[in-house]
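Read the structure below first, then the notes.
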Amino acid sequence: MKNRLIAPSLLSADFGNLQRDLEMLNRSQADWLHVDVMDGRFVPNISFGFPVMKTILEHGKKFVDVHLMILQPENYIKEFIEAGADLVSVHVEASTHLHRTVSLIQDLGAKAGVVLNPSTPVAMLEDIIEQVDLVLLMSVNPGFGGQKFIENTYKKVAQTKEMILLRNSTALIEIDGGVNLENASKLFAAGADVLVAGNAVFASQDPERTIELLKI
Ligand code: DX5
Ligand code: ZN
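The sequence shown begins at 1 in full-length UniProt numbering and counts up by one.
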């Protein structure tokens with residue numbers, strides 16, 4: 001998996017025209033499709049579930065990055081992978097037996113990511129970093145698109161990168177929340193490999209061009 005990847009978040013897509021938006025993403029330089037699943041319990045919002053996932057899989061042609069913002073994600077891992085998820089990320093705050101959940105994802109043939117909320121320290125990765133394929137650092141409190149980027153994230157990117165290098169981990173670093181044309185290159189320079197972008201892409205005049213610019 002190469003660096004400087006862009007993962008547009010479908011949470012900000014036009015759900016009335018989901019097929020049109022997916023076709024735009026297929027044509028674009030987007031690398032991944034970021035799919036946000038929310039249960040109204042782990043986060044104060046409900047997004048979508050399997051029927052919408054099915055449409056995304058049917059029309060989307062990119063690597064599918066599923067971000068589970070749900071309690072007890074282990075109960076739904078199999079279903080998401082069978083639905084076509086290439087990578088499934090679970091919050092450390094939401095999965096009691098994280099090692100078991102990560103193993104389950106990998107045993108079912110998908111890549112496994114772990115997610116940290118803005119207030120969760122990087123030290124929580126200490127005993128899982130060698131096993132995971134990706135660390136997703138939230139740069140907003142999860143639940144909604146269009147929020148303001150939390151500046152403390154740069155420090156966490158540096159700390160995560162340091163841990164990855166020290167432990168010979170192959171994990172990628174993904175950033176999610178408030179990513180835009182102002183902070184994208186700074187985040188890549190700090191050590192991020194994948195940037196999620198919802199509002200920055202879908203609220204722009206020219207989403208395809210914005211995806212291109214986010215990579216520069
Ligand atoms: C927030 C979601 C994000 C969100 C990002 O809980 O996990 O993926 O869609 O949206 P923007 O880029 O608008 O902050
Ligand atoms: Zn997300």
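Glycine included, every Cβ here is placed at the ideal spot set by N, Cα and C.
Length of the line joining the Cα atoms of residue 9 and residue 166: Cα-Cα distance, rounded: 31 Å.
Same chain only: Cβ atoms within 8 Å of residue 204, ignoring 5 sequence neighbours per side: Around residue 204, the same chain offers 210 as residues with beta carbons nearer than 8 Å, after the five sequence neighbours per side are excluded.
Quick check on the burial criterion: 16 or more other C-beta atoms within 10 angstroms. Buried or exposed for residue 156? Buried, because 16 or more other Cβ atoms sit within 10 Å of the Cβ of residue 156.
Report buried or exposed for residue 160, applying the criterion of at least 16 other Cβ atoms within 10 angstroms of its Cβ. Per the 10 Å Cβ criterion, buried.
Lining residues of the ligand ZN - beta-carbon closer than 6 Å to any non-hydrogen atom, in sequence order: With the cut-off at 6 Å, the residues found are 9, 34, 36, 67, 176, 196.
Here's the rule: buried if 16 or more other CB atoms are within 10 angstroms of the residue's CB, otherwise exposed. What is residue 139? By the neighbour-count rule (16 or more Cβ atoms within 10 Å), residue 139 is buried.
Expressed to the nearest angstrom, what Euclidean distance is found between the alpha-carbon atoms of residue 184 and residue 30? It is roughly 14 Å from the alpha-carbon of residue 184 to the alpha-carbon of residue 30.
What three-state label does DSSP hand residue 139 in the structure shown? Annotated three-state conformation of residue 139 is coil, per DSSP.
Which same chain residues end up closer than 7 Å to residue 145 when comparing Cβ atoms and leaving out the 5 residues on each side of it in sequence? Excluding residues within five positions, the ones whose Cβ falls inside 7 Å are 9, 11, 12, 198, 199.
Quick one: Cα of residue 195 to Cα of residue 40, how far? Each residue's Cα considered, the two are about 24 Å apart.
Just to confirm, does residue 140 get its C-beta within under 8 Å of one of the non-hydrogen atoms of the ligand DX5? Residue 140 has its Cβ nearer than 8 Å to a heavy atom of the ligand DX5.
Restricting to runs no shorter than 3 residues, where is the beta strand (DSSP E) found entirely within the segment 125-193? Taken in chain order, the whole beta strand (DSSP E) runs of length 3 or more contained in the segment 125-193 are 134-138, 172-176.
Does the distance from the CB of residue 24 to the CB of residue 35 come in under 9 Å? Cβ atoms of residue 24 and residue 35: not closer than 9 Å.
Give the list of continuous alpha helix (DSSP H) stretches no shorter than 4 residues that lie fully inside the segment 90-117. You should have 98-107.
For residue 1, which residues from the same chain have a beta carbon less than 7 Å from its beta carbon, with the 5 sequence-adjacent residues on both sides left out? For residue 1, the predicted model reports a pLDDT of 44, less than 50, meaning its position is unreliable and no value from the coordinates is stated.
Name the two residues that bound the continuous beta strand (DSSP E) containing residue 73. Going by DSSP, residue 73 is part of no beta strand (DSSP E) at all; its letter is neither H nor E.
Based on DSSP bridge pairs, tell me the residues matched to residue 67. Under DSSP, residue 67 forms a beta bridge with 36, 89.
For the beta strand (DSSP E) that contains residue 7, what are its first and last residues? Counting along the chain, residue 7 sits inside the beta strand (DSSP E) bounded by residues 5-8.
Rounded to whole angstroms, what's the CA-CA distance from residue 264 to residue 125? Just pull it up for me. Past the edges of the chain, shown from 1 to 216, lies residue 264, and the structure says nothing about it.
For residue 218, which beta-bridge partners are listed by DSSP? In the structure as shown, the chain begins at 1 and stops at 216. Residue 218 is therefore absent and cannot be evaluated.
Following a CB-centred definition, is residue 200 positioned closer than 8 Å to any heavy atom of the ligand DX5? The answer is yes for residue 200.
Hey, could you find the ends of the alpha helix (DSSP H) residue 56 is sitting in? In the DSSP annotation of this structure, the continuous segment of the alpha helix (DSSP H) that includes residue 56 starts and ends at 50-59.
Should residue 37 and residue 69 be called a contact, given that it needs their Cβ atoms to be closer than 9 Å? Yes, they are a contact pair.
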